[in-house]
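**Q**
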Amino acid sequence: MKANTVINAVNNATAPVRSVAKKTYGTVKKSFLNEVAQNNFKKSLPAALICTGGFSLLSLLPNRKTDGKQNKLEKKSGTFAAVAFAVASFKKFFNAENKTLKNIFDDARKLNFKEGFEKLKTNKSNVIVYLASIIGVKILTDIATKGVDGIVNDVFEPKKLGD
1 MKANTVINAV NNATAPVRSV AKKTYGTVKK SFLNEVAQNN FKKSLPAALI
51 CTGGFSLLSL LPNRKTDGKQ NKLEKKSGTF AAVAFAVASF KKFFNAENKT
101 LKNIFDDARK LNFKEGFEKL KTNKSNVIVY LASIIGVKIL TDIATKGVDG
151 IVNDVFEPKK LGD
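Spelled out as C-alpha cells, the structure:
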C-alpha cells in the first residue's frame, strides 16, 4: 500500500470530524462573548459560589477512613450542587423572574422549540453558557470536596477503619 493512499484515507476519515469540531468550538466561543449571556452568568455567580462551597462542605461529615476515597454522599456532592445551581440560576438566565417552575414547564410543554426560545427571550448562546456553568459547578464542587477532605484528613488524622 502506498503512503499517499494511507494519508488520503486518514484525511477523508478525519475531515468531517474536524469540521464539526471546528464549528462547535466557534459556536461555544461566540456564546461566551455574547453580552447577554455574560450578564446572565454574572447574575448567577453568587448562586454558583454558594452551591459549590456549601456542597463541598459535605466532606466535613465524620469520615473514619484515611485512604483518600470518598463516601457515597461526598461523591454525589458535585451532582447535588449542579442540580441546586441549575434550579437556582434558571430564573437568572431566562426570562422567568415572576414565574414558578411548574408554570414554566407547563408553558414549555405547550410550545414548540423556537417559540420557547422567543418566550424566554433567550438564544443559543445563553443556553450554552447556562449548560457550561452547570458543568463547571459540578467539576469545581468535586475538586473542592476532595480538597477539603484532604485537609481534614491531614489536620485531624482520623482513625483508620479497623482501629
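Reminder that position 143 of the sequence shown reads as 143 in this note's numbering, one-by-one numbering, no gaps. C-beta atoms are modelled at their ideal positions from N, C-alpha and C, and glycine is treated no differently.
Tell me the rounded alpha-carbon separation between LYS124 and SER31.
**A** Each residue's alpha carbon lies about 8 Å from the other.
**Q** Quick test of the definition: if touching needs 3 or more C-beta pairs under 8 Å, does the stretch 80–94 touch the stretch 22–36?
**A** As far as the Cβ criterion goes, the stretch 80–94 does not touch the stretch 22–36, which means the pair count is below three.
**Q** Rounding to the nearest angstrom, what Cα-Cα distance links ALA37 and ASN11 in this structure?
**A** Rounded to the nearest angstrom, the two C-alpha atoms are 36 Å apart.
**Q** Give the straight-line distance between the Cα atoms of TYR130 and VAL87, rounded to the nearest whole angstrom.
**A** Their Cα atoms are separated by approximately 11 Å.
**Q** Relative to the alpha-carbon of ASN126, which residue among ALA48, LEU33, LYS138, THR52 has its alpha-carbon at the smallest distance?
**A** When only C-alpha atoms are compared, the closest one is LEU33.
**Q** Whose CA, out of PHE93, SER59, LYS91, SER89, lies closest to the CA of SER77?
**A** Selected option, being the one with the closest Cα: SER59.
**Q** With C-beta atoms as the reference, is PHE93 less than 7 Å away from ASN40?
**A** Cβ distance < 7 Å, so PHE93 and ASN40 count as in contact.
**Q** If we call anything under 7 Å between Cβ atoms a contact, is VAL148 one with CYS51?
**A** No, the Cβ-Cβ distance between VAL148 and CYS51 is not below 7 Å.
**Q** For a test of the three-state rule: what should DSSP assign to ASN11, helix, strand or coil?
**A** Of the three classes helix, strand and coil, the one that applies to ASN11 here is helix, per DSSP.
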